[in-house]
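Trainee:
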Amino acid sequence: MDFTLSDKAERIRGAIRNFVDARLIPLEQDRASYDAHENINLGLLAELRQEARAQGLWALNMPIARGGGGLSLSEIAPCYEEMNRSIFGPVVFNAAAPDDGNMRVLEQVATEHQKRVFLQPIVDGTVQSAFAMTEPEGCGSDPSLTYTTATRTNTGWKIHGRKWFITGAEAAKHFIVIARTSDDERKGLSAFLFHADQPGWSIVRRIPIMGPEEHGGHCEILFDGLEIPEDNLLMNVGDGLKLTQIRLGPARLTHCMRWTGLARRALEIATDHIETRASFGARLADHESVQGLVGSAAMEIQIGRLLTMHAAWKLDQGDFARKEVSMAKVVVADALHKSVDTALQLLGARGYSKDTVVEWMYRYARQARLVDGASEVHRMVLANTLRREGTAFFAWGA
Ligand SMILES: Cc1cc2nc3c(=O)[nH]c(=O)nc-3n(C[C@H](O)[C@H](O)[C@H](O)COP(=O)(O)OP(=O)(O)OC[C@H]3O[C@@H](n4cnc5c(N)ncnc54)[C@H](O)[C@@H]3O)c2cc1C
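Throughout the sequence shown, residue numbering follows numbering that gives the first Met the number 0, covering 0 to 397 in sequence.
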């Protein structure tokens, strides 16, 4: 078993680390770097994106021919981890959710026409995208509760219904929406593409949340007759759930990669602090109970990144890696909490202030146990897989 990174992955990882240290982390302390929703301001973002792209650190999960980095998921893992050592990182390198997951699924399943019209501009960074699945009174953990409908017209489809928590919707131009096309249990949902300028849909509100927001916020949206031409059906009628599964495995895992970086950064801030801060005649770092906190947070980060890397490797072998992704998602979400909470605690009152980015991370981290599948649902999936597979659950190999 060899955990060595490929030369290419190691080179890009190192370049991202240098970029994050030199260009991004210093900006975090300056209030002028932020927009009104606690994200990087758009002017600064445009400049930094240009720099990242010029250095070949752009859309790493896309093929080189499309302008991306052409890396496998196992190669992406250490790179995304480095990116999110800064809270500004992923969006600068065009590796933030939901664009990251949308690009990957479109590259995998879209027609050439759909790729040219809907995918390429996301890769180029000229538009943002959104993925609309969750509903206020319906689909959340359980997609069978999807009530938004797509009904046939002479030229395509007409959408009616309501979605919410749609990340980026206020700024996005390219949307993927999941809607019901029949009552069939497995084949009842379909996926469609649409452009924000099309009539027949609107933003009801940008939902206020406890944490900082992605550009375009998290929105509730209403469909009241959005017309979608047949060309913009993704895959086949009835493949909505399949598309969601294809998208969500890698998308969940890239969350884990980014969150691992965020967790590591929180711990870096804490370990710097405890080396210098003294109490009761010793540096904090020399108190055994402090060592216990830091040691277990570091250990949990490492457990999470090993699970992430294993799932990435399985996905690279062509496996859906469902149980591996579920395990990584639960463990990394908890490791992120643990690490950020530990950092906040060890910084004392300073940790509760806005003098460091730890309080930003603390508010952000709470969503990790909810988005892309609540931890309880992933545990349910794991238990059901164990019942079905028995000893094969623990089999080695691809
Ligand atoms: C910041 C943020 C961004 C998001 N972005 C998007 C987006 O871009 N697009 C999109 O479509 N959605 C998005 N979502 C929605 C997200 O995917 C859902 O919130 C998530 O799938 C959970 O669904 P729900 O909120 O309806 O919770 P519910 O399904 O109502 O579940 C509520 C709680 O019940 C428990 N629970 C549910 N089922 C089970 C079970 N079987 N066993 C045990 N416990 C269970 C869990 O504790 C769960 O947290 C976002 C959410 C947030 C918070």
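Yeah, the Cβ is synthetic: ideal placement off N, Cα and C, and Gly gets one too. Quick caveat, the model's predicted, so the values are computed rather than measured.
Looking at isoleucine 245 and ligand 1, is the gap between the Cβ and the nearest heavy atom below 8 Å?
Mentor: Within the sequence shown, numbered from 1, the residue matching residue 245 stands at position 246. No.
Trainee: In chain order, what residues of the same chain lie with their CB nearer than 6 Å to the CB of arginine 304, ignoring the 5 residues before and after it?
Mentor: Within the sequence shown, residue 304 is the residue found at index 305, counting from 1. Excluding positions up to five away in sequence, the list reads Thr259.
Trainee: For leucine 4, which three-state DSSP category applies?
Mentor: Counted from its first residue, the sequence shown places residue 4 at position 5. In the structure shown, leucine 4 sits in coil (DSSP, three-state: anything other than H, G, I, E or B).
Trainee: Using only the heavy atoms of ligand 1, determine whether one of them is closer than 8 Å to the beta carbon of glutamate 80.
Mentor: One-based indexing of the sequence shown puts residue 80 at position 81. No; taking the cut-off as 8 Å, the Cβ of glutamate 80 has no heavy atom of ligand 1 nearer than that.
Trainee: Can you tell me whether DSSP reads lysine 328 as helix, strand or coil?
Mentor: Stepping through the sequence shown from its first residue, residue 328 is reached at position 329. In this structure, lysine 328 counts as helix in the three-state DSSP scheme.
Trainee: Roughly how many angstroms lie between the CA atoms of leucine 261 and threonine 270, to the nearest whole one?
Mentor: Here residue 261 corresponds to residue number 262 of the sequence shown, with the count starting at 1. Here residue 270 corresponds to residue number 271 of the sequence shown, with the count starting at 1. Cα to Cα, leucine 261 sits roughly 14 Å from threonine 270.
Trainee: Hey, is glutamine 366 close to ligand 1, as in C-beta under 8 Å from one of its heavy atoms?
Mentor: Taking the first residue of the sequence shown as position 1, residue 366 is located at position 367. Under cutoff, so the answer is yes.
Trainee: For lysine 186, which of helix, strand or coil comes out of DSSP?
Mentor: Taking the sequence shown and counting its residues from 1, the one referred to as residue 186 is at position 187. Looking at lysine 186 - three-state DSSP - the assignment turns out to be coil, as it is neither helix nor strand.
Trainee: Do histidine 272 and aspartate 371 have their beta-carbon atoms positioned less than 9 Å apart in this structure?
Mentor: Against the sequence shown, residue 371 aligns to sequence position 372. Against the sequence shown, residue 272 aligns to sequence position 273. No.
Trainee: Got a sec? Which residues, its chain only, sit under 6 Å from glutamate 274 by beta carbon, not counting five neighbours each side?
Mentor: Locating residue 274 in the sequence shown gives position 275, where the first residue counts as 1. Excluding positions up to five away in sequence, the list reads Ala284.
Trainee: Please state whether the Cβ-Cβ distance between phenylalanine 193 and isoleucine 165 is less than 9 Å.
Mentor: Here the question's residue 193 lines up with position 194 in the sequence shown. Here the question's residue 165 lines up with position 166 in the sequence shown. Going by C-beta atoms, phenylalanine 193 is not nearer than 9 Å to isoleucine 165.
Trainee: Just to confirm my understanding: we take asparagine 231, look at its own chain, exclude 5 residues before and 5 after, and list those with CB closer than 6 Å. What are they?
Mentor: Translated into positions along the sequence shown, residue 231 becomes position 232. Cβ within range, chain order: Phe191, Leu192.
Trainee: Using a Cβ-Cβ cut-off of 8 Å (strictly less than) and excluding sequence neighbours within five positions of valine 339, which residues of its own chain qualify?
Mentor: Against the sequence shown, residue 339 aligns to sequence position 340. Closer than 8 Å at Cβ, skipping near neighbours: Leu261, Ala262, Ala265, Val357, Met360, Tyr361, Ala364.
Trainee: What are the partner residues of tryptophan 200, as DSSP defines its beta bridges?
Mentor: Taking the sequence shown and counting its residues from 1, one reaches residue 200 at position 201. Paired residue(s): Phe222.
Trainee: Classify leucine 192 as helix, strand or coil using the three-state DSSP reduction.
Mentor: Within the sequence shown, residue 192 is the residue found at index 193, counting from 1. DSSP places leucine 192 in strand when its eight states are reduced to three.
Trainee: In angstroms, rounded to a whole number, what distance separates the CA positions of leucine 23 and asparagine 93?
Mentor: Your numbering for residue 23 matches position 24 in the sequence shown. Your numbering for residue 93 matches position 94 in the sequence shown. Leucine 23 and asparagine 93: Cα-Cα distance of roughly 14 Å.
Trainee: Is any heavy atom in ligand 1 found nearer than 8 Å to the beta carbon of lysine 162?
Mentor: Sequence index remark: in the sequence shown, residue 162 carries index 163 (1-based). Checking every heavy atom of ligand 1 against the Cβ of lysine 162, one is found closer than 8 Å.
Trainee: In the structure shown, what three-state DSSP assignment does tyrosine 146 receive?
Mentor: To locate residue 146, count along the sequence shown from 1; it is residue 147. Tyrosine 146 falls in the coil class under three-state DSSP.
Trainee: Looking only at its own chain, which residues have a Cβ that is under 6 Å from the Cβ of valine 176, when we skip the five neighbours before and after it?
Mentor: Walking along the sequence shown from the start, residue 176 turns up at place 177. Hits under 6 Å: Ala131, Phe191.
Trainee: In terms of DSSP beta bridges, what is tyrosine 33 paired with?
Mentor: For the purposes of this step, residue 33 is taken as the residue at position 34 of the sequence shown. DSSP lists Ile39 as partners of tyrosine 33.
Trainee: Tell me whether the stretch 309-316 and the stretch 223-238 touch, counting them as touching only if at least three CB pairs, one residue from each stretch, are closer than 8 Å.
Mentor: Flag = no, the stretch 309-316 and the stretch 223-238 do not touch.
Trainee: If I measure Cβ to Cβ from alanine 342 and keep anything under 7 Å in the same chain, skipping five residues before and after, which residues do I get?
Mentor: Residue mapping note: residue 342 aligns to position 343 of the sequence shown, counting from 1. Ala265, Leu266, Ile268, Ala269, Gly350, Val357, listed in sequence order.
Trainee: How long is the line joining the alpha carbons of lysine 114 and serine 278, rounded to whole angstroms?
Mentor: For the purposes of this step, residue 114 is taken as residue 115 along the sequence shown, with counting starting at 1. For the purposes of this step, residue 278 is taken as residue 279 along the sequence shown, with counting starting at 1. Lysine 114 and serine 278: Cα-Cα distance of roughly 59 Å.
Trainee: Which residues does DSSP pair with arginine 151 in a beta bridge?
Mentor: Indexing the sequence shown from 1 puts residue 151 at position 152. Per DSSP, Trp156.
Trainee: May I ask you to list the residues that DSSP assigns as paired with proline 228?
Mentor: For the purposes of this step, residue 228 is taken as the residue at position 229 of the sequence shown. Gly155, per the DSSP bridge assignment.
Trainee: What residue range does the beta strand (DSSP E) around isoleucine 177 cover?
Mentor: The sequence position of residue 177 within the sequence shown is 178, counting from 1. Isoleucine 177 -> beta strand (DSSP E) spans 173-179.
Trainee: So, do the stretch 51-58 and the stretch 87-106 have three or more beta carbon pairs nearer to each other than 8 Å?
Mentor: Touching, yes.
Trainee: Taking just the CA atoms, how far does valine 380 sit from glycine 139?
Mentor: Looking up residue 139 in the sequence shown gives position 140. Looking up residue 380 in the sequence shown gives position 381. Going from the Cα of glycine 139 to the Cα of valine 380 covers about 15 Å.
Trainee: Counting C-beta neighbours from all protein chains within 10 Å, is the total for phenylalanine 174 16 or more, i.e. buried, or is it exposed?
Mentor: Within the sequence shown, residue 174 is the residue found at index 175, counting from 1. Classification for phenylalanine 174: buried.
Trainee: What's the C-alpha gap between proline 120 and alanine 334?
Mentor: Position 121 of the sequence shown, counted from the start, is the residue given in the question as residue 120. Position 335 of the sequence shown, counted from the start, is the residue given in the question as residue 334. When rounded, the distance between both Cα atoms is 35 Å.
Trainee: Does the distance from the CB of glutamate 106 to the CB of lysine 7 come in under 9 Å?
Mentor: Residue numbering aside, residue 106 sits at position 107 when the sequence shown is read from its first letter. Residue numbering aside, residue 7 sits at position 8 when the sequence shown is read from its first letter. Their beta carbons are not under 9 Å apart, which means glutamate 106 does not touch lysine 7 by this criterion.
Trainee: Spatial neighbours of glutamine 344 within its chain, please: C-beta separation below 8 Å, excluding the five flanking residues on both sides.
Mentor: Position 345 of the sequence shown, counted from the start, is the residue given in the question as residue 344. Same-chain partners within the cutoff: Leu292, Gly350.
Trainee: Just checking valine 370 against ligand 1 - is the residue's beta carbon closer than 8 Å to any of the ligand's heavy atoms?
Mentor: If you number the sequence shown from 1, residue 370 lands on position 371. Yes; taking the cut-off as 8 Å, the Cβ of valine 370 has a heavy atom of ligand 1 nearer than that.
Trainee: Should cysteine 255 be counted as a contact of ligand 1 given a C-beta to heavy atom distance under 8 Å?
Mentor: For the purposes of this step, residue 255 is identified with residue 256 of the sequence shown, where counting begins at 1. No.
Trainee: Is it true that the CB of glycine 160 sits closer than 9 Å to the CB of arginine 52?
Mentor: Counting from one through the sequence shown, the residue named residue 52 turns up at place 53. Counting from one through the sequence shown, the residue named residue 160 turns up at place 161. No, they are not a contact pair.
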